[in-house]
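Quick note: the sequence shown uses the numbering used here, first residue 55, plus one each step.
Think of the CB as a built atom: it goes at the ideal place given N, C-alpha and C, for glycine as much as any other residue.
Please read all numbers here as calculations on a predicted model, not as lab measurements.
For reference, the structure is listed below as structure tokens.
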Amino acid sequence: MNYKNIYEVPLSSLRGISTAREKLFAKIDVFSVGDLLNFYPRAYEDRGNVKDVLDTADGETVSLVLEVVSPLTSARIKANRTGRPMTIQKFVAADDTGSVKMTFFNSDFLKSTFTKGRKFRFYGTLERTPRGISMSSPSYEPYSESVPLPPFVPIYPLTAGLTQKIISSCVRQSLEQYRDIITETLDEDLLRRNGFIGLYDALCSIHFPKSAEELENARRRLAFEELYDFHLKTMLMGSRERNGRAVRIKYPDMKAFAAALPFTLTTAQKMAIQDILIDITLAHDPQSEKEIRQEYAPPARRLVQGDVGSGKTIVACAAIYAVAKSGYQSALMAPTGILARQHYESIGKLLGLFGIKTVLLTGGMKAAEKRETLALISSGEADVVIGTHALIEDGVEFRNLALAITDEQHRFGVAQRKTLENKSENDLKPHVVVMSATPIPRTLAMIMYCDLDISIIDQMPKGRQPIETYAVGDDMRGRVYKFIAGLVEQGRQAYIVCPLAEQTDTLLTASYEMKSAKEYCDSLAKTPLSGVRTEYIHGKMKQTQKDEIMARFADGEIDVLVSTTVIEVGVNVPNAVVMLIENAERFGLSQLHQLRGRVGRGSEKSYCILMSPLLKKKNTNAAYAKRMDIICKNTSGFVIAEKDLELRGPGEFFGRRQSGIFSFKIASAADMELVYLAKAEAEETIRNENLRT
Ligand code: ADP
Ligand code: MG
């Protein structure tokens with residue numbers, strides 16, 4: 055077959071790829087030769103640093119160049135546990151400074167490989183005892199002075215059934231056999247300008263680097279391309295969306311709005327509200343409003359970022375107020391039923407004061423109730439529609455939808471956000487506001503969300519007390535429980551978070567006990583918390599069940615709620631003042647920060663306790679210890695996000711959190727400079743394209 059593109063070449067065109075193997079590759083999302091070449095090693099073994107036997111230590115993993123000095127002997131040994139007979143192969147190999155006893159198992163075929171006088175490069179872990187030096191089942195490659203072996207050997211992420219050898223031999227074959235159709239993907243000028251190597255060389259070096267420098271050059275080039283593609287995509291997406299028209303809202307009477315609030319807005323809230331109002335009214339103040347005669351505005355695309363508890367809801371509410379006052383409809387989509395209900399209650403009550411009608415639409419509604427609500431929405435009687443994913447279902451018809459808000463936007467896929475945006479019934483687009491409680495550093499946000507304008511609420515409402523945060527070993531458990539019991543006695547509530555739902559979820563096998571919500575909850579009966587009303591909740595429960603438990607907790611019918619991270623989303627229970635996080639070493643920085651944000655929402659002093667069995671070891675250099683220290687010492691989500699980024703890098707930083715769009719294979723934190731470069735180049739590319747068309 056004559057292929058033109060490596061992504062068209064099926065894996066089966068390579069030697070040694072059976073249908074069974076093809077299936078194994080499919081498990082790691084490798085379907086074509088192109089996919090395979092983009093399947094990068096996760097690490098490299100440094101076999102280039104060859105040592106003399108004399109210089110090695112017990113337990114060391116080393117590379118040795120040795121000559122086989124004894125014939126290979128094969129012997130049958132006791133059957134192993136499976137009952138299958140086993141054979142053991144032994145021989146001795148040596149360099150000028152010492153000799154090593156080699157053992158392999160069930161490898162009779164090695165007789166013809168390890169013959170006296172041949173040299174190999176062995177890589178493995180040594181055992182040094184008074185009886186001598188030995189190595190068991192090392193990796194080996196035939197060695198000759200004239201043809202140097204590559205110093206680095208790639209290590210691929212594996213799936214059962216595929217070995218490193220299979221993958222690397224397929225990669226090598228692909229690079230040789232399909233060299234002609236591995237065509238350059240970046241513009242030549244761009245490569246030259248930035249000193250990047252070509253694609254073919256980069257692929258060769260990322261899989262089989264000949265030096266550390268070569269590897270770095272390949273990594274830079276491939277990381278750049280990933281970021282560059284990402285920027286191009288988002289920029290194109292952004293410019294397409296910004297075309298189009300939205301209704302222009304009249305500047306509302308904000309004094310009346312502010313007067314209806316039980317508190318004064320923070321400066322940061324006022325600024326965010328002002329940002330949105332300017333977007334949708336095109337006016338800086340009510341006076342200049344009079345001079346604007348235009349009926350339409352470009353659709354707003356704004357991200358409002360603010361720490362948990364910074365008061366984003368009221369910002370959304372102000373925008374909804376403005377839109378309703380102009381006679382248009384707004385929709386607010388929240389990730390869970392309980393959160394939607396909470397918004398419905400608080401927003402509905404406040405806006406009700408102005409005669410604005412709010413309805414709630416969730417998946418769990420009864421059919422008749424739902425029909426009624428849908429009618430209110432499509433007739434336009436409902437000014438505000440608050441709900442869950444139910445909002446973007448087919449049967450929902452909006453009337454004069456002018457504003458679409460997504461709360462906790464990281465919980466939704468881009469596609470879901472877009473579906474809501476496309477719900478307007480005519481050619482007009484709604485203004486879009488997305489709210490996020492996962493702060494990311496401003497610079498990075500500007501780059502990554504380049505299709506959105508950004509407002510940041512970096513200030514907490516007055517009177518909030520900082521949450522006292524401690525990291526403790528689990529030897530403190532008794533004292534912590536007594537402390538919580540005391541607070542419950544005073545009428546307060548607490549959360550306890552465990553990383554797993556049920557003990558059977560042993561995916562994360564750890565060498566120590568991992569707490570699970572259900573069993574944990576049961577075990578509390580034997581602790582100082584035995585008298586309190588406890589309940590557990592986890593992500594595998596049905597949504598309605600979760601909502602019901604959360605509602606009972608919010609109503610004060612449960613004192614201590616044991617949960618997995620399902621409570622992460624912004625439910626507001628001001629009476630909850632303790633957050634105990636078990637196995638805190640398992641959680642990432644921003645997750646810990648999010649969890650902590652569940653408490654400290656009322657006037658009472660709140661506490662966050664990070665508990666970990668590992669803390670007894672006092673290993674302050676371990677990554678988990680650093681994370682916990684950062685949480686104890688910092689309260690601002692933005693500062694924590696900066697540190698998170700430093701520790702982990704944007705690839706992982708985004709990958710985990712954003713469904714799909716930000717999954718970088720190779721770009722990382724060390725690449726901040728590349729992020730900027732890629733953005734600049736992408737802008738340049740788009741400018742040039744526009745000039746051409
Ligand atoms: P989040 O940003 O996490 O969504 P919310 O909007 O839920 O935060 O607000 C958290 C709590 O703070 C709510 O009870 C809200 O009424 C209150 N709140 C919001 N703004 C202020 C303010 N300016 N002053 C005092 N309390 C406020
Ligand atoms: Mg919120």
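Mind checking whether the beta-carbon of Arg736 lies closer than 7 Å to any heavy atom of the ligand ADP?
By 1-based counting over the sequence shown, the position of residue 736 is 682. Just to set this straight, residue 736 is Ala in the shown sequence, not Arg. Flag unset: Cβ of Ala736 not near the ligand ADP.
Is the Cβ-Cβ distance between Pro196 and Asp100 less than 8 Å?
By one-based count along the sequence shown, residue 196 stands at place 142. By one-based count along the sequence shown, residue 100 stands at place 46. Not a contact, by the Cβ cut-off of 8 Å.
Could you tell me the distance, in whole angstroms, from the CA atom of Met140 to the CA atom of Val107?
Here residue 140 corresponds to residue number 86 of the sequence shown, with the count starting at 1. Here residue 107 corresponds to residue number 53 of the sequence shown, with the count starting at 1. So the alpha carbons of these two residues sit roughly 29 Å apart.
Ala373 versus Lys697: straight-line alpha-carbon distance, rounded:
The residue given as residue 373 occupies position 319 in the sequence shown. The residue given as residue 697 occupies position 643 in the sequence shown. Spanning the two alpha carbons is a distance of roughly 33 Å.
Taking 7 Å as the cut-off, is the beta-carbon of Thr367 closer than that to any non-hydrogen atom of the ligand COA?
Ligands displayed in this structure: the ligand ADP and the ligand MG; the ligand COA is not among them.
Could you pull out every unbroken beta strand (DSSP E) segment of at least 3 residues lying fully inside the region 108-149, listed in chain order?
115-122, 127-131, 140-149
Compute the Euclidean distance between the alpha carbons of Leu430 and Asp461, then round it to the nearest angstrom.
Numbered from 1 along the sequence shown, position 376 holds the residue referred to as residue 430. Numbered from 1 along the sequence shown, position 407 holds the residue referred to as residue 461. Cα to Cα, the separation comes out at about 22 Å.
Tell me whether Ala491, by its Cβ, gets closer than 7 Å to a heavy atom of the ligand MG.
Locating residue 491 in the sequence shown gives position 437, where the first residue counts as 1. Yes; taking the cut-off as 7 Å, the Cβ of Ala491 has a heavy atom of the ligand MG nearer than that.
Where are the alpha helix (DSSP H) runs, 4 residues long or more, that stay fully inside the region 57-116, in chain order?
73-81, 87-91
Measuring alpha carbon to alpha carbon, tell me which residue in Arg246, Gly360, Ser666 is nearest Phe641.
Your numbering for residue 641 matches position 587 in the sequence shown. Phe641 has its Cα closest to that of Ser666, out of Arg246, Gly360, Ser666.
Report all residues from its chain with a CB closer than 7 Å to the CB of Pro64; omit the five preceding and five following residues, and keep chain order.
Numbered from 1 along the sequence shown, position 10 holds the residue referred to as residue 64. Hits under 7 Å: Ser86.
DSSP on Leu457, reduced to helix/strand/coil?
For the purposes of this step, residue 457 is taken as the residue at position 403 of the sequence shown. Residue state, collapsed to three classes: strand.
Would you say Gln396 reaches chain D, if we count a Cβ-Cβ gap shorter than 8 Å as a contact?
The structure shown contains no chain D, having only a single protein chain.
Count the other CB atoms within 10 Å of the CB of His592; is the residue buried (16 or more) or exposed (fewer)?
Here residue 592 corresponds to residue number 538 of the sequence shown, with the count starting at 1. So His592 counts as buried.
Contact belief for Ile410 with Cys371 at Cβ below 8 Å, rounded distance in angstroms
For the purposes of this step, residue 410 is taken as the residue at position 356 of the sequence shown. For the purposes of this step, residue 371 is taken as the residue at position 317 of the sequence shown. Their Cβ separation, rounded to whole angstroms, is 10 Å, which puts Ile410 and Cys371 out of contact at 8 Å.
Please report the straight-line C-alpha distance between Gly252 and Val207, rounded to a whole angstrom.
Looking up residue 252 in the sequence shown gives position 198. Looking up residue 207 in the sequence shown gives position 153. Going by the C-alpha atoms only, they are around 22 Å apart.
Which residues in the same chain have their Cβ closer than 6 Å to the Cβ of Thr558, if we skip the five residues on either side of it in sequence?
Looking up residue 558 in the sequence shown gives position 504. Any reading at Thr558 needs caution, since the residue's pLDDT is 48, under 50, leaving its predicted position unreliable; the model's value is listed next. None.
Identified DSSP bridge partners for Phe158:
By one-based count along the sequence shown, residue 158 stands at place 104. Gln143, per the DSSP bridge assignment.
Same chain, Cβ closer than 7 Å to Leu404, five either side skipped, listed in chain order:
Start at 1 with the first residue of the sequence shown, and residue 404 comes out as number 350. Contacts found: Ala314, Cys371.
Buried or exposed by the 16-neighbour rule on C-beta atoms within 10 Å, applied to Ala734:
To locate residue 734, count along the sequence shown from 1; it is residue 680. With fewer than 16 Cβ atoms within 10 Å of its Cβ, Ala734 is classed as exposed.
Can Tyr549 and Ala630 be called in contact, C-beta distance under 8 Å?
As a working mapping, residue 549 is identified with position 495 in the sequence shown. As a working mapping, residue 630 is identified with position 576 in the sequence shown. Cβ atoms of Tyr549 and Ala630: closer than 8 Å.
Outcome for Thr674 when other beta-carbon atoms lying within 10 angstroms are tallied against a minimum of 16:
Position 620 of the sequence shown holds residue 674. Flag for Thr674 reads exposed.
Using the three-state DSSP reduction, which class does Ile550 fall into: helix, strand or coil?
The residue you call residue 550 lines up with position 496 of the sequence shown. In the structure shown, Ile550 sits in a strand (DSSP, three-state: E or B).
The beta strand (DSSP E) spanning Glu522 covers which residue range?
Taking the first residue of the sequence shown as position 1, residue 522 is located at position 468. Taken as a continuous stretch (DSSP letters only), the beta strand (DSSP E) holding Glu522 covers 522-527.
For Ser364, verify whether its CB is less than 7 Å away from any heavy atom of the ligand ADP.
For the purposes of this step, residue 364 is taken as residue 310 along the sequence shown, with counting starting at 1. Yes, since a heavy atom of the ligand ADP falls inside the 7 Å radius drawn around the Cβ of Ser364.
Measuring from the CB of Asp461, is there a heavy atom of the ligand MG at a distance below 7 Å?
Translated into positions along the sequence shown, residue 461 becomes position 407. Answer for Asp461: yes, Cβ within range of the ligand MG.
Given a threshold of 16 other Cβ atoms within 10 Å of its Cβ, counted over all protein chains shown, does Thr320 qualify as buried or as exposed?
Start at 1 with the first residue of the sequence shown, and residue 320 comes out as number 266. Under this definition Thr320 is a buried residue.
Only counting runs of 3 or more residues, tell me where the beta strand (DSSP E) segments fall wholly within the region 375-434, in order along the chain.
383-387, 412-415
Would you report the Cα separation of Leu386 and Ile440, rounded to the nearest angstrom?
Residue mapping note: residue 386 aligns to position 332 of the sequence shown, counting from 1. Residue mapping note: residue 440 aligns to position 386 of the sequence shown, counting from 1. The alpha-carbon atoms of Leu386 and Ile440 are separated by roughly 5 Å.
Give me the Cα-Cα distance between Thr170 and Ser124, rounded to the nearest whole angstrom.
What you label residue 170 is simply residue 116 of the sequence shown in a count that begins at 1. What you label residue 124 is simply residue 70 of the sequence shown in a count that begins at 1. Thr is not the amino acid found at residue 170; the sequence shown has Lys there. When rounded, the distance between both Cα atoms is 6 Å.
Bounding residues of the beta strand (DSSP E) (the contiguous stretch that carries Phe176):
Along the sequence shown, read from residue 1 onward, the residue named residue 176 stands at position 122. Taken as a continuous stretch (DSSP letters only), the beta strand (DSSP E) holding Phe176 covers 173-183.
Identified DSSP bridge partners for Ile209
Numbered from 1 along the sequence shown, position 155 holds the residue referred to as residue 209. Beta-bridge pairing links Ile209 to Ala97.
Is any non-hydrogen atom of the ligand ADP found closer than 7 Å to the C-beta of Gly585, if you look at the structure I gave you?
Here the question's residue 585 lines up with position 531 in the sequence shown. Checking the Cβ of Gly585 against the ligand ADP gives no.
If contacts are defined as beta-carbon pairs under 8 Å, then Val104 and Arg175 qualify, I think. What distance do you get, rounded to the angstrom?
Start at 1 with the first residue of the sequence shown, and residue 104 comes out as number 50. Start at 1 with the first residue of the sequence shown, and residue 175 comes out as number 121. Yes, Val104 and Arg175 are in contact; Cβ-Cβ is about 7 Å, under 8 Å.
Would you list the residues sitting across from Arg656 in a DSSP beta bridge?
Position 602 of the sequence shown, counted from the start, is the residue given in the question as residue 656. Per the sequence shown, the amino acid found at residue 656 is Gly instead of Arg. Bridge partners of Gly656: none, in fact.
Is the beta carbon of Leu120 less than 8 Å from the beta carbon of Ala147?
Here residue 120 corresponds to residue number 66 of the sequence shown, with the count starting at 1. Here residue 147 corresponds to residue number 93 of the sequence shown, with the count starting at 1. Cβ distance < 8 Å, so Leu120 and Ala147 count as in contact.
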